[in-house]
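Numbering (mature numbering (1 follows the signal peptide of the UniProt record, and there is no 0)), first residue to last: -21 to -1, 1 to 665.
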């Protein structure tokens, strides 16, 4: 209580004579024997303690049941903080004991609240423990509020605003009680001006707004709102395992706020803290709305496995229509999950099911993962590795709610290996078998073709029951290539549908198990080529011939050929030249990969008898096939190699001087006389 002037003067007289009554000069900075300055609030404001409702901008809304308080933990004028900045011009300190604070619910006497400029324009109804038992909290109930009471907003304050009257008080000094400050808008900091002079000053200054409170998450301004029920979290479960490289998943049932008759839709905006047992709640209260939202734990490592054993959840429902958010109570749970696998299997879904080894038909396999309690291990990644990786439908799968995962296995081979690998690196090997080809039908209506021609082949792949097998892999490659005398060539020229057959050419049968192949030869020398067709373990060989024009169809020919044995011109029939082995003599000539006989005139007579052609007949043949056409169109040897007259053909006509006989050269049509012991080509007439 304040002293009046007479008492102060009386005390001054006494203290001049009594050394035991000098406490004023010792404890106060106020001048001895005079009144000092009254204390005042340079700034003061209220906060909401852990508010539960926020608007769309994240500003806290005062609600029924919320706690409003003044942070008086720093009861020192030297602390520069806006919520409670005590001041005294004489330097006296704040009283570290209970302060005088009264709480009110406020409504404008008339008009709107935005037009209010002072406490006197408001209807102020005090809230105390007599009118509202239990709603005034003792000082210290809130850790930040050590010297002032707090308020639990009562239900009848809904629709009102909250205000308070606070009287500054110093520890020592005369006077030590300041003028009460009236705060009527908790969205602002209020303050008082410093007293202009010492003594008891009642009316020289009034409280006024300083600035808006920028702590949106604790703002106590605005009309009190009767909130919906708090959101809740139920049926909390943890899925996962305390294993390195994995995460534990949190699942729960979110119970949104209930608005009673006015039902609104809320999204789940809950905050979740993972951490060490006994520590997450404190962190959650500090971070509050700024906490994380991840329903998965951090990735477990060797270092943090023991440090992640608890979860604290702050249920938050955000209204879809207006963006308002409502918070519930913190809920803390100990994480309980198994720590190792109890069962790991990898089996065929149906052991009786079969599939063809065509890379398209597949077999389903299932992996099952259970913990040591026989509970399904869900969301666990299983890896699959195979020596035929393209036959796996998935490389990784995550187990489902039954702890199972399924994979399809296909192959172009009759057996492949598949490994299933658990998150703990447990491995199961399965050898998966497929039905391969058992029989091959090769159909070659014609096995021989002329140079630059083609041969059609049909291949049918069949199983052991002679059923055709669709989409089966088929490989074809040339085994060897030989001439007509069975001399093997090191070069293999066959092509299958245009693909070289010197190494394996790969194909696939159609939906009927049929493969159509066109065989050609890139460079034809008159060879017979043997090829092999394979599909899995089924093998079959066959051969084809490509003939040349420059070789006759003779057992003595080096190469397979189709040279005509005779040619008819103007009713004259000429027989092809003889191979050296068909009429053996000492002299021969190798032209067009064949060895042709060359004969003296007498040998020519023995070969033809009276059928040796005349020069005129040879000229008739030349005129029918001029300019080497006898070679290009009929394959006859007429090309001159080296020197000499080896490309001439005998006639039976003598030369003019009767020294020799006439001969004709079929490249140019030249006629020359030759002695009868010279070696020339021979064609006989039929």
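Just so you know, even glycine gets a beta-carbon here, dropped at the ideal spot from N, CA and C.
Just curious, the alpha helix (DSSP H) that residue i is in, first and last residue?
i           : result
residue 610 : 608 to 611
residue 260 : 259 to 266
residue 595 : 594 to 603
residue 309 : From DSSP, residue 309 is part of no alpha helix (DSSP H); its letter is neither H nor E.
residue 586 : 580 to 587
Buried or exposed, going by whether 16 or more other CB atoms sit within 10 Å of the CB of residue i?
i           : result
residue 496 : buried
residue 93  : exposed
residue 612 : exposed
residue 256 : exposed
residue 463 : buried
residue 544 : exposed
residue 635 : exposed
residue 555 : buried
residue 224 : exposed
residue 39  : buried
residue 666 : Outside the shown range of the chain, which is -21 to 665, sits residue 666, and nothing can be said about it.
residue 299 : exposed
residue 500 : buried
residue 671 : With the chain covering only -21 through 665, there is no way to say anything about residue 671.
residue 11  : Annotation note: pLDDT 44 at residue 11 (below 50); position unreliable, coordinate value reported separately. By the 10 Å Cβ count, residue 11 comes out exposed.
residue 47  : buried
residue 654 : exposed
residue 469 : exposed
residue 134 : exposed
residue 352 : exposed
residue 91  : exposed
residue 88  : exposed
Following the continuous beta strand (DSSP E) through residue i, name the residue where it begins and the one where it ends.
i           : result
residue 361 : 360 to 365
residue 445 : Segment: none, residue 445 is in no beta strand (DSSP E) and carries neither H nor E.
residue 87  : 79 to 87
residue 409 : 406 to 412
residue 532 : Looking at the DSSP string, residue 532 is not in any beta strand (DSSP E), and its letter there is neither H nor E.
residue 191 : 187 to 191
residue 131 : 129 to 131
residue 344 : 341 to 350
residue 71  : Element bounds for residue 71: n/a, residue is neither H nor E.
residue 252 : 250 to 254
residue 509 : 507 to 514
residue 113 : Unbroken run through residue 113: none, as it is neither H nor E.
residue 276 : Residue 276 -> no beta strand (DSSP E), and no H or E assigned at all.
Cα separation between residue i and residue j?
i           : j           : result
residue 471 : residue 558 : 26 angstroms
residue 7   : residue 65  : The predicted model places residue 7 with a pLDDT of 46, which falls under 50 and marks its position as unreliable; any figure quoted below should be read in that light. Answer to the nearest angstrom: the Cα atoms are 16 angstroms apart.
residue 658 : residue 590 : 18 angstroms
residue 128 : residue 302 : 33 angstroms
residue 667 : residue 151 : With the chain represented from -21 up to 665, any question about residue 667 goes unanswered, as that position is not in the structure.
residue 314 : residue 31  : 26 angstroms
residue 160 : residue 174 : 13 angstroms
residue 596 : residue 508 : 41 angstroms
residue 588 : residue 663 : 9 angstroms
residue 307 : residue 411 : 55 angstroms
residue 278 : residue 405 : 20 angstroms
residue 493 : residue 439 : 5 angstroms
residue 525 : residue 372 : 46 angstroms
residue 480 : residue 606 : 38 angstroms
residue 350 : residue 221 : 12 angstroms
residue 530 : residue 572 : 8 angstroms
residue 188 : residue 72  : 24 angstroms
residue 322 : residue 330 : 20 angstroms
residue 115 : residue 49  : 13 angstroms
residue 452 : residue 396 : 19 angstroms
residue 98  : residue 86  : 10 angstroms
residue 179 : residue 60  : 27 angstroms
Which residues does DSSP list as the beta-bridge partners of residue i?
i           : result
residue 540 : 527
residue 198 : 26
residue 211 : 234
residue 435 : 497
residue 485 : 454
residue 660 : 628
residue 615 : Looking at the DSSP assignment, residue 615 forms no beta bridge with any residue, so it has no partner.
residue 420 : 439
residue 218 : 228
residue 650 : 643
My guess is that residue i and residue j are in contact by the Cβ rule of under 8 angstroms, so how many angstroms apart are they, rounded?
i           : j           : result
residue 562 : residue 600 : Going by Cβ atoms, the distance from residue 562 to residue 600 rounds to 20 angstroms, so no, they are not a contact pair.
residue 416 : residue 442 : 7 angstroms
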